[in-house]
Every structure is written in structure tokens, then in C-alpha cells.
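Under numbering that gives the first Met the number 0, the first residue of the sequence shown is numbered 0, with each subsequent residue one higher.
Each residue gets a CB set at the ideal place from its N, CA and C atoms; glycine is no exception.
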Amino acid sequence: MLAKFVELGHHHTISETLIHNLTNLSELSLSNCVLNISSTWIPLFQLEYLHLTSCNLDGQIPPWISTQYSLSRLKLANNNLYGEIPSWLWHFSPHLRFLNLSQNYLQGNIFPNALNNLTVFDVSKNALLGSMPSVWPSTLEVLMLNDNSLIGNIPPSLSNLTGLVKLNLANNKLNGVIPPSLADILQLLVLNLGDNGLEGSIPCGLCPLSLIVHNNKLSGRFPSPIVNCTKLQTLDIGHNSFTGHISKSIGNLSYLQVLVMKNNHFRGSIPSEIGKLKQLHILDLSANSLSGCIPHSIVSLQAMTVVESGHRMKRRYPLGPLNEPYAYHDELNMTSKGIEQHYSYILSTLSCIDLSRNQLNGVLPYDFGKLKGLKSLNLSMNNFSGTLPSSLGEMSDLESLDLSRNMFSGYIPKELTSLDYLGFLNLSSNNLSGIIPQGGHMFTFTQSSYLQNLNLWGCPLPKNCSWPQFAPPPPASNEEEDNNEESRKQIPWYEVGLGLSYGVGFGGVLLLIVLRESWKNNYFKRVDIILKLLFPFVRKRRL
């Protein structure tokens with residue numbers, strides 16, 4: 000048959016008989032299908048593209064693929080493949096340029112050096128072991144080894160991959176230092192080395208667009224060479240042991256969108272130059288030793304002042320001979336609504352500021368509310384004082400507000416009742432006073448949002464609490480919830496009895512219409528007997 004391209008999806012069942020006679024087939028793309036293909040099948044076609052994504056492939060990589068000597072693209076992502084990658088895969092097709100085996104259960108070592116024309120190599124999210132190979136195809140532009148169990152050092156020979164655009168080695172067991180030679184890869188745009196055991200410092204001259212090295216053992220003073228990376232868009236150096244002050248030169252990073260420096264040993268004040276980062280919409284400096292006031296320039300973070308429709312922050316890089324982009328997105332862990340959450344995609348609307356667990360003091364900027372696009376604000380566990388600015392009520396998109404464990408005083412601004420999306424509020428352990436504003440989402444918060452403010456009163460605190468008639472019932476305590484759960488488990492005998500009574504009565508009316516006279520008399524006698532037995536019992540249960 001003459002068909003050259005087949006693309007199916009949405010849970011079709013595909014058998015070998017369906018495609019066996021398509022001798023001219025060159026592209027086969029299946030997703031979310033069920034494959035019913037024999038392991039001994041030998042196709043009559045020679046494919047160039049083969050995509051079998053989310054097809055419930057189980058066991059070894061299908062042997063029939065080894066007969067496709069013209070393959071340039073092979074994608075078997077998100078299946079249930081396990082065992083070692085077969086040796087024939089490393090040698091069978093000299094044309095192979097795109098290989099994606101991600102999101103499976105593959106084990107063993109990797110030997111890609113024989114794939115001389117490989118441009119994209121993605122074996123992320125498997126169970127691969129051993130050390131990283133020191134020899135790689137010189138044509139590589141995307142290398143994805145993240146989320147495996149690789150050990151040992153990062154080979155300096157990666158610098159020979161002069162066209163490398165994206166390198167992701169995150170979430171392995173790598174150790175040693177970051178090779179300084181990585182700075183020689185001038186085309187490198189994305190470098191993710193997070194969640195390993197790397198030591199030492201960040202090499203000078205390493206300037207990708209996205210630099211993620213969180214959760215390692217890196218140390219030294221604030222990596223000042225980074226401030227010369229003027230095109231940097233994402234910087235995540237959280238959960239390391241960096242020290243020193245945050246350089247004023249950070250204002251030079253005018254393209255920066257994500258800045259995460261949490262859980263380090265930074266000290267000193269937050270430089271006012273941070274207000275120059277007009278595209279910044281995620282700022283996380285939590286769990287350091289920062290002091291001083293919040294600079295007023297923070298309200299100039301322009302990306303946080305607007306409310307936009309959400310879209311994934313995604314960057315696409317052309318891949319040379321494939322003439323096709325390969326999507327990339329950043330991932331992030333952030334504390335929001337009182338718990339640390341993992342974001343697989345960073346939306347443009349995910350605007351957050353987290354300065355918690357520092358030694359910051361002073362008062363909050365009176366016009367903090369200019370940051371209307373902010374989703375989460377966490378200033379807890381500092382030494383802030385003064386009153387809460389009423390402009391907080393202008394943060395129309397705010398979903399999480401944590402100001403606990405500070406020294407704020409005065410009233411809670413009534414403007415907070417206008418925050419329609421506020422789902423988490425923690426003002427506990429301060430010096431707030433007066434009545435808790437009533438209205439809006441303020442009715443949905445429990446006592447824990449306001450505890451340890453001695454002069455604070457009003458619902459949901461027990462002091463002078465009188466719920467307005469239009470308010471919903473106060474949030475149940477744990478004891479009340481337990482009692483309600485227990486009552487739900489009990490059989491509602493009164494309702495059961497009442498339902499039986501109505502059922503019997505309705506059935507009786509129908510019977511009276513169709514039954515003969517003698518049967519009617521017997522019917523009423525039996526109804527009397529049932530009612531005498533049923534109602535005393537129901538009455539007793541009701542009382």
C-alpha cells in the first residue's frame with residue numbers, strides 16, 4: 000500500500016495486521032494506544048520516524064524495532080519498559096539523531112558513543128546506574144540524564160560537545176566539582192545540576208540562560224561571576240552553603256525571571272537594586288541570615304504588578320539538522336499555603352515572594368499592594384513591626400498570605416476581606432489587636448490563623464465571637480469533626496422508619512385501587528399490625 004504516514008491516538012488498539020502491508024510507511028506516530036504486536040514480527044516497511052508515546056509498552060524494548068535501519072527519530076517515552084537497553088540500539092541505525100526513552104523503568108549502563116549522529120539523547124526518569132560515559136557523540140545538542148541513579152563525577156570531556164544547548168543531570172548521585180570546562184560550551188542555554196552531591200563553587204564564565212544547582216553541597220561567597228551573565232533568566236542556587244552578601248550588581252540581570260537563593264548562609268541587607276529586575280516574578284530568599292528592612296524598590300518589580308493570563312514559561316531551541324524545536328520548561332519547589340509544593344511547570348502567573356526565616360525588621364512598604372499580580376507572600380519568622388498596610392487588600396490575585404511570627408501591631412486591615420482568592424492566611428504570633436474583620440473569605444479561616452495575638456478578638460476566636468446571621472457556620476474543630484463523622488456512620492433510624500411509613504402508605508393506596516374487597520380487609524389488618532410494631536420502635540430511637 001502507498002500510505003507513508005500513520006498517526007493515531009486516543010486508545011485505539013493497534014495490531015500488526017493493521018500496518019503489516021503498508022510497505023511504503025516511513026512515519027508511524029502512536030500515542031495513548033494499545034499495541035498488540037508479536038515479539039517475532041518483522042515489518043515490511045522501513046521507518047524514518049517512530050513515536051510510541053504512552054502506549055503501555057511492557058517489558059523489553061520491542062525487538063522488531065531493530066529491523067528499522069533507516070530510523071532518524073525514535074521516541075518510546077512514558078511506557079512500562081524495563082530491563083537493560085539492548086546492545087543493538089547503540090549500533091543499529093547510523094541515521095539516528097533523536098532518541099527519547101524517558102519515563103520508563105530502564106536499568107543498566109548507557110553506551111551512546113557509537114551513535115555518531117545523535118542530536119537529542121533523553122533517557123531521563125528511568126533507573127539507570129553507573130558512571131556517566133566520558134565519550135559522547137560530538138553532534139549532541141540536548142542531553143537529558145536527570146532522575147536516574149548515576150554516580151561519580153561529571154566528565155570534563157562534556158566540554159567537547161561544542162553545540163550542546165541543554166544539559167540536565169539533576170536528581171542523580173553525582174559528586175565532585177562542577178567541571179570548569181563547562182564554561183567553554185558557549186552555546187549552553189540550560190544547565191540543571193540540582194539534587195546531587197556536588198561540591199566546590201560555580202565556575203567562572205558559566206553563563207547559561209537557566210542555571211539550576213539547588214540541593215547540593217556548593218559553597219563559597221555569592222558567585223559574583225553570575226552577575227556578569229546579563230542574559231540569565233532563571234537562577235536557582237537554593238539549599239547549598241553559599242555565604243556573603245547579595246551583590247548590588249544583581250540589578251544588572253535585567254532578564255531574570257526566577258531568583259531562588261533559599262537555605263544558604265547569606266547575610267546583610269537586601270540591595271535596593273533588586274527593584275531593577277522588571278521581569279522577576281519569583282523571588283525566594285528564605286532561610287538565610289538577611290537583616291535590615293525590605294527595600295521600598297521591591298514594589299517596582301513590574302512583572303508582579305500585573306495580572307496576566309497564565310501560560311507555561313517555555314523556551315524552544317532549534318536543533319540544527321532536525322530543523323525542529325525541543326521544548327524546555329523549568330521546575331521549582333516553593334513554599335505556598337504553608338507547605339512546600341513542587342511545580343512541574345512555572346506559569347507566568349506564579350508570582351511569589353518568600354523572605355521567611357530571616358532576621359529582617361522594620362515596617363512593610365505602605366504601597367505593597369502595587370504588587371497586584373502576587374499569588375503568594377511569605378514574610379513569616381522575621382522581626383517586622385508596625386501596622387499591616389491597608390494596601391495589602393489591593394493584591395487581588397493573592398492566594399496565600401503568611402505574616403506569622405513577627406511583631407506586627409495594630410488592627411487587621413478590613414481591606415483583606417476583599418481578597419476573593421485568598422485561601423491561606425496566617426497572622427498568628429504577632430501583637431495584633433482589635434476585632435477580626437468579618438466578611439469575604441475571612442469566615443473560612445480557623446483559629447490557627449490568629450492565635451497568639453493577645454488583644455485580638457472576634458470570630459473565629461472564642462473571645463467576643465458572635466457569628467452574623469448571613470455568615471456560614473464557623474469552621475468545625477477537630478473534636479466536632481470527629482463527632483460529625485461518628486454521627487454520619489450511625490444508621491438514621493428515624494428517617495428509615497419515616498421512609499418505610501410513606502412507602503407502605505403509598506403502596507396501600509395503589510393496592511386499594513386494584514384489589515378485591517376481601518383482599519382489602521386482609522390488607523388493612525396487616526397494616527395495623529405493622530404500624531403497631533414499627534412506630535413505638537421509631538419513637539424510642541428518636542427520643
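- In the three-state DSSP reduction, Thr233 falls in the strand class (E or B).
- Contact between Leu181 and Leu197 fails: their C-beta atoms lie close to 12 Å from each other, not under 8 Å.
- Judged by beta-carbon spacing, Leu117 lies beyond the 7 Å limit of Pro93, meaning their Cβ atoms are not closer than that value.
- Annotation for Tyr68: Gln45, Phe91 and Ser92 place their beta carbon closer than 7 Å to its own, counting only its chain and skipping 5 residues before and after.
- Sorting Ser408, Asn103, Asp194 and Leu397 by C-alpha distance to the C-alpha of Leu421 places Leu397 at the top.
- Its chain contains Leu354 and Leu402 as the residues whose beta carbon lies nearer than 6 Å to that of Leu378, once the 5 sequence neighbours on both sides are disregarded; these appear in chain order.
- Ranked by Cα distance from Gln437, the first of Asn452, Val259, Ile269 and Gly457 is Gly457.
- As the crow flies, the alpha-carbon of Trp89 is around 15 Å from that of Gln106.
- When secondary structure is reduced to three states using DSSP, His50 falls in the strand class.
- Spanning the alpha carbons of Ser285 and Asn35 requires a straight line of approximately 52 Å.
- With a cutoff of 7 Å on beta-carbon distance, Leu282 and Leu255 are scored as not near each other.
- Across the set Ser465, Gly243, Leu415 and Arg356, the C-alpha of Leu415 shows the shortest separation from the C-alpha of Gly368.
- Restricting attention to beta strand (DSSP E) runs no shorter than 3 residues, the region 55-96 encloses them at 72-74 and 79-83, ordered along the chain.
- Met406 sits in a strand when the DSSP states are folded into three classes.
- With respect to the 7 Å criterion, Val134 and Asn112 are classified as neighbours on the basis of their beta carbons.
- For Leu27, the uninterrupted beta strand (DSSP E) segment begins and ends at Glu26 to Ser30.
- Note: His264 is bridge-paired with Thr242 in the DSSP secondary-structure output.
- Distance between Thr22 and Ser37, taken at the CA atoms: about 18 Å.
- Judged by DSSP in its simplified three-state form, Asn215 adopts coil rather than helix or strand.
- Assignment of beta strand (DSSP E) within the region 105-132, counting only whole runs of 3 or more residues, yields 119-121 in chain order.
- Put simply, the backbone Cα of Thr39 is about 8 Å away from that of Pro62.
- Spatial neighbours of Met406 in its own chain (CB-CB distance under 7 Å, excluding positions within 5 residues in sequence) are listed in chain order as Asn382, Phe383, Ser384, Asn429 and Asn430.
- As the crow flies, the alpha-carbon of Gly58 is around 17 Å from that of Ser14.
- Under the DSSP assignment, Ile18 falls in the alpha helix (DSSP H) whose first and last residues are Glu15 to Ile18.
- Arg220 is bridged by DSSP to Thr242.
- Secondary structure note for Val257: its beta strand (DSSP E) is the uninterrupted segment Val257 to Val259.
- With a 10 Å radius around the Cβ and a threshold of 16 neighbouring Cβ atoms, Asp419 comes out exposed.
- Per DSSP, the unbroken beta strand (DSSP E) holding Lys165 starts and ends at Lys165 to Asn167.
- Put simply, the backbone Cα of Thr229 is about 51 Å away from that of Thr12.
- Short of 6 Å from the beta carbon of Leu300, and not among the five residues preceding or following it, lie these beta carbons of its own chain, in chain order: Leu279.
- Each of Lys124, His238, Gln186 and Ser271 was checked against the Cα of Ser148, and the nearest Cα belongs to Lys124.
- Here Thr16 is not near Ser30, since their CB atoms are 7 Å or more apart.
- Rounded to the nearest whole angstrom, the CA to CA distance from Ala302 to Thr242 is 28 Å.
- Looking at the backbone, the Cα of Met394 and that of Thr386 are separated by about 17 Å.
- Under the DSSP definition of a beta bridge, Ser375 partners with Cys351 and Ser399.
- As a beta-bridge residue in DSSP terms, Asp283 pairs with Val259 and Asp353.
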